Amino acid sequence: MRRPGELLGRRSGHRPLKQPSGGMRGLAGRMSVIIACILLFTVLMFSSSIRGSRTVVSKIKLDDLWGTAASGGWRPSSTPRSDWPPPPTESSGYLRVRCNGGLNQQRTAICNAVLAARIMNATLVLPELDTNSFWHDESGFPGIYDVEHFIKSLRYDVRIVESLPEFHPHRKNGKAKKMKAYQLRPPRDAPPSWYTTVALEKMKVHGAIYLTPFSHRLAEEIDSPEYQRLRCRVNYHALRFKPHIKKLSDSIVSRLRTQGHFMAIHLRFEMDMLAFAGCLDIFTPEEQSILRKYRNENFAEKKLVYSERRAIGKCPLTPEEVGLILRAMGFDNSTRIYLAAGELFGGERFMQPFRALFPHLENHSTVGSAEEISENSRGLVGAAVDYMVCLLADIFMPTYDGPSNFANNLMGHRLYYGFRTTIQPDRKALAPIFINRENGQTNGFEESIQQVMFNSRFGGPHKRVRPESFYTNSWPECFCQISSQNPADRCPPEDVLEVLDSRLQLEDSGGEPEQAIPSNLTGSWAKTEVV
13 MRRPGELLGR RSGHRPLKQP SGGMRGLAGR MSVIIACILL FTVLMFSSSI RGSRTVVSKI
73 KLDDLWGTAA SGGWRPSSTP RSDWPPPPTE SSGYLRVRCN GGLNQQRTAI CNAVLAARIM
133 NATLVLPELD TNSFWHDESG FPGIYDVEHF IKSLRYDVRI VESLPEFHPH RKNGKAKKMK
193 AYQLRPPRDA PPSWYTTVAL EKMKVHGAIY LTPFSHRLAE EIDSPEYQRL RCRVNYHALR
253 FKPHIKKLSD SIVSRLRTQG HFMAIHLRFE MDMLAFAGCL DIFTPEEQSI LRKYRNENFA
313 EKKLVYSERR AIGKCPLTPE EVGLILRAMG FDNSTRIYLA AGELFGGERF MQPFRALFPH
373 LENHSTVGSA EEISENSRGL VGAAVDYMVC LLADIFMPTY DGPSNFANNL MGHRLYYGFR
433 TTIQPDRKAL APIFINRENG QTNGFEESIQ QVMFNSRFGG PHKRVRPESF YTNSWPECFC
493 QISSQNPADR CPPEDVLEVL DSRLQLEDSG GEPEQAIPSN LTGSWAKTEV V
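With positions in the sequence shown counted from 1, the corresponding number in the numbering used here is that position plus 12.
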């Protein structure tokens, strides 16, 4: 029962002077409620963000990956989109090149050689492939590529001959002068201006020049979309493997497809790449000694610390790590996988964990017939077969891009070949996840892998950003849109090949062309085979 003074005091607006401890308790109670609300709100927001991220991951299904990536209305087109006259009858001289390195390093060198010939208005001698030093293979260009198709496909771009003439075409004093190419060593990533000055001057003096070595000897980034499109015409249309290589590749792909989809993995866990990357500590002392010796003999001296290299994603993924990535993404042990790789360093002990996760592992030796393999599994031919199978696979996964020409060229070719799905692991983002797992921290391992992988690109059109190579991503120069509002991106007409044929025939017969080639000329190389 209240006292009369209490009730009166409250009604008249007077506050009681006593009970200070009760007021503090009320304030503390209110503060507790506020803090509890803040904590509850924080928890709800955090759990909501987790649910949201899981929703993003769950939206990408394996069925989507087995198909092609979204094109955004883009399609491959490497035909010229401005006036592109055929090579003049009289050239500045002959260009010989020696393409060194492996199959795909040579492939980019061939593309650069054609462009260099165009820049100098030179006649290109069929490029030489330096097969002995790397492959111990003497097949050369004619043993790997269709020479007739190569020359015919590029007839509107450069003149190509199979060998250097014995005598100089221009005689002095009525006497035949023997042709000898002047040897030059081009600077690495030389600009076009080097070819129009230094190289061209020597060519005019000697009639022919011989550029060796010719790996990465022309700058990739050139401010001319037409020059870049010429590279794509060479790479994706003119360079066609010999029929026996294509036949074996098609046979392997058909056998792999008998049980449905298959993916191809470039398992770059090989001695040269491990030595280059400086990733030695996971190997035995004897194996480390072999890798150090190889590195000292083939690469510049540099102090490399394994733990530091590993932490920033500079080491090739191990076979087990590849398997764990695929399993986290949802691929099961029925997945058929074609392995494109040389001899894996470290032997079966590194393959066993991968094989336990994915037992259906194949390569060209296990899928092809014994007779086919004995004829086509070595040197450049074996690399060419692997290239074609990886190109045609439903999914391609490189485990180490970096300086790997095989992986980089294939990613570019698959992009051009209809945005075929490529799974490209972000090694730098994955490294701490694998390191934590090795240290016993396995909680949330698969979810962390999923988060990284599903935030990556899967082969769709995207802007080229350094250090990405033009040969890895030729978008947008070598692509077009049918209904683009930007004229530079609009797909060209389909009948320009006939216009070019007519023009060349008239010029050969000494006549004049009936009509000028339109300014949006694009010669329909789209009709040419992509591979």
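Ideal Cβ positions, reconstructed from N, Cα and C, are used throughout, including at glycine. Quick caveat: nothing in here was measured; it's all calculated off a predicted structure.
Among Gly358, His218 and Glu332, the one whose alpha carbon lies nearest that of Phe295: Start at 1 with the first residue of the sequence shown, and residue 295 comes out as number 283. That would be Gly358, whose Cα lies nearest to the Cα of Phe295.
Pull up the DSSP beta-bridge partners for Pro499, would you. Here the question's residue 499 lines up with position 487 in the sequence shown. In the DSSP output, where bridge partners are listed per residue, Pro499 has none listed.
Tell me which residue opens and which closes the beta strand (DSSP E) that Leu107 is part of. The residue given as residue 107 occupies position 95 in the sequence shown. Tyr106 to Cys111 is the extent of the beta strand (DSSP E) around Leu107.
Going straight from the alpha carbon of Gln436 to that of Gly472, what length do you get? Numbered from 1 along the sequence shown, position 424 holds the residue referred to as residue 436. Numbered from 1 along the sequence shown, position 460 holds the residue referred to as residue 472. Taking the straight line joining both Cα atoms gives about 12 Å.
Exposed unless 16 or more other CB atoms sit within 10 angstroms - verdict on Ala128: What you label residue 128 is simply residue 116 of the sequence shown in a count that begins at 1. Taking all protein chains shown into account, Ala128 has 16 or more neighbouring C-beta atoms within 10 Å of its C-beta and is therefore buried.
Just verifying my parser: in three-state terms, what is the DSSP assignment at Trp487? For this step, residue 487 is matched to residue 475 along the sequence shown. The answer is coil: DSSP assigns Trp487 none of H, G, I, E or B.
What separation, rounded to the nearest whole angstrom, lies between the Cα atoms of Asn485 and Ser90? Within the sequence shown, numbered from 1, the residue matching residue 485 stands at position 473. Within the sequence shown, numbered from 1, the residue matching residue 90 stands at position 78. Taking the straight line from one Cα to the other gives about 13 Å.
On a Cα-Cα basis, can you pick out the residue from Met341, Gly105 and Ile302 that is closest to Phe179? Counted from its first residue, the sequence shown places residue 179 at position 167. The option with the nearest alpha carbon to Phe179 is Gly105.
Where Phe179 sits in the DSSP three-state scheme: Position 167 of the sequence shown, counted from the first residue, corresponds to residue 179. In the structure shown, the three-state DSSP call for Phe179 is strand.
Do you know offhand how far Ile302's Cα is from Ile277's? Counting from one through the sequence shown, the residue named residue 302 turns up at place 290. Counting from one through the sequence shown, the residue named residue 277 turns up at place 265. Rounded to the nearest angstrom, the two C-alpha atoms are 26 Å apart.
Quick one: is Asp235 buried, meaning 16 or more other Cβ sit within 10 Å of its Cβ, or exposed? Here residue 235 refers to the residue found at position 223 of the sequence shown. So Asp235 counts as exposed.
Would you list the one or two residues that DSSP bridges to Trp86? Locating residue 86 in the sequence shown gives position 74, counting from the first residue. Answer is Gln493, bridged to Trp86.
Given 8 Å, three or more beta-carbon pairs between the segment 411 to 430 and the segment 244 to 256: By the Cβ test, the segment 411 to 430 is in contact with the segment 244 to 256, since at least three Cβ pairs between them sit closer than 8 Å.
If you count every other CB in all the chains shown that lies within 10 Å of the CB of Pro479, and 16 or more means buried, which is it? For the purposes of this step, residue 479 is identified with residue 467 of the sequence shown, where counting begins at 1. Counting the other CB atoms within 10 Å of its CB gives Pro479 a total below 16, which places it among the exposed residues.
Contact check, Ala289 vs Leu115, beta carbons under 8 Å: As a working note, residue 289 is residue 277 in the sequence shown. As a working note, residue 115 is residue 103 in the sequence shown. Cβ atoms of Ala289 and Leu115: not closer than 8 Å.
Within 8 Å, strictly: CB atoms of Thr80 and Arg280: The residue you call residue 80 lines up with position 68 of the sequence shown. The residue you call residue 280 lines up with position 268 of the sequence shown. Cβ atoms of Thr80 and Arg280: not closer than 8 Å.
Is Ile349 near Leu369, with beta carbons less than 8 Å apart? For this step, residue 349 is matched to residue 337 along the sequence shown. For this step, residue 369 is matched to residue 357 along the sequence shown. For Ile349 and Leu369, no; Cβs fall outside 8 Å.
DSSP three-state call for Leu230: helix, strand or coil? Here residue 230 refers to the residue found at position 218 of the sequence shown. Of the three classes helix, strand and coil, the one that applies to Leu230 here is coil, per DSSP.
Please determine, among Asp262, Gly456 and Gly325, the residue with the shortest C-alpha to C-alpha distance to Asp398. Numbered from 1 along the sequence shown, position 386 holds the residue referred to as residue 398. Selected option, being the one with the closest Cα: Asp262.
Given that a residue counts as buried once 16 or more other Cβ atoms are within 10 Å of its Cβ, and exposed if not, what is Ser468? Locating residue 468 in the sequence shown gives position 456, counting from the first residue. Result: exposed.
Would you call the CB atoms of Leu77 and Thr433 closer than 8 Å? Along the sequence shown, read from residue 1 onward, the residue named residue 77 stands at position 65. Along the sequence shown, read from residue 1 onward, the residue named residue 433 stands at position 421. Yes. Within cutoff.
Can you check whether the CB of Ile122 is closer than 8 Å to the CB of Leu251? The sequence position of residue 251 within the sequence shown is 239, counting from 1. The sequence position of residue 122 within the sequence shown is 110, counting from 1. Between Leu251 and Ile122, the C-beta spacing is below 8 Å.
Given a cut-off of 8 Å on the beta-carbon distance, is the pair Ala211 and Met132 in contact? As a first step, residue 211 must be located in the sequence shown, where it is residue number 199. As a first step, residue 132 must be located in the sequence shown, where it is residue number 120. The answer is yes: Cβ separation under 8 Å.
Only counting the same chain, and skipping five residues up and downstream in sequence, which positions put a Cβ closer than 6 Å to that of Val109? Within the sequence shown, the letter at position 97 stands for residue 109. Result list for Val109: Ala125, Pro139, Leu223 and Phe226, in chain order.
Taking the continuous alpha helix (DSSP H) assigned at Met215, which residues delimit it? For this step, residue 215 is matched to residue 203 along the sequence shown. Residue range Leu212 to His218 is occupied by the alpha helix (DSSP H) that includes Met215.
Which residues in the same chain have their Cβ closer than 7 Å to the Cβ of Asn420, if we skip the five residues on either side of it in sequence? Stepping through the sequence shown from its first residue, residue 420 is reached at position 408. Answer for Asn420: Asp413, Ser481, Tyr483 and Thr484, listed in chain order.
By DSSP's criteria, Gln195 is part of a beta bridge. Which residues make up the other side? Taking the sequence shown and counting its residues from 1, one reaches residue 195 at position 183. Tyr222.
Have a look at Gly113, Leu242 and Glu232 and flag the residue whose alpha-carbon is nearest the alpha-carbon of Val170. Along the sequence shown, read from residue 1 onward, the residue named residue 170 stands at position 158. Closest option to Val170, judged by alpha-carbon separation, among Gly113, Leu242 and Glu232: Leu242.
Spatial neighbours of Gln118 within its chain, please: C-beta separation below 7 Å, excluding the five flanking residues on both sides. Within the sequence shown, residue 118 is the residue found at index 106, counting from 1. Same-chain partners within the cutoff: Cys111 and Leu141.
Pull up the distance between the alpha-carbon of Ala500 and that of Glu333, whole angstroms please. On the sequence shown, position 488 is the one that residue 500 refers to. On the sequence shown, position 321 is the one that residue 333 refers to. Taking the straight line joining both Cα atoms gives about 43 Å.
Pick helix, strand or coil for Leu12, following the three-state DSSP scheme. Since the first residue shown for the chain is 13 and the last is 543, residue 12 is missing from the structure and cannot be characterised.
Taking all protein chains shown into account, do 16 or more other C-beta atoms lie within 10 angstroms of the C-beta of Phe311, making it buried, or fewer, making it exposed? On the sequence shown, residue 311 is found 299 positions in, with the first residue counted as 1. The residue in question, Phe311, is exposed, as its Cβ has fewer than 16 Cβ neighbours within 10 Å.
Rounded separation between Phe408 and Pro371 - CA only: As a first step, residue 408 must be located in the sequence shown, where it is residue number 396. As a first step, residue 371 must be located in the sequence shown, where it is residue number 359. Distance between the alpha carbons of Phe408 and Pro371: 18 Å.
I'd like the list of long-range same chain contacts for Ile447, defined as Cβ closer than 8 Å, with 5 residues on each side in sequence excluded. Within the sequence shown, the letter at position 435 stands for residue 447. Result list for Ile447: Arg322 and Ala323, in chain order.
Could you tell me whether the Cβ of Asp262 comes closer than 8 Å to any Cβ of chain C? Among the chains of the structure shown, chain C does not appear; only one protein chain is present.
Whole-angstrom Cβ separation of Leu404 and Val265, contact assumed at under 8 Å? Counting from one through the sequence shown, the residue named residue 404 turns up at place 392. Counting from one through the sequence shown, the residue named residue 265 turns up at place 253. So it is a contact: roughly 5 Å between Cβ atoms.
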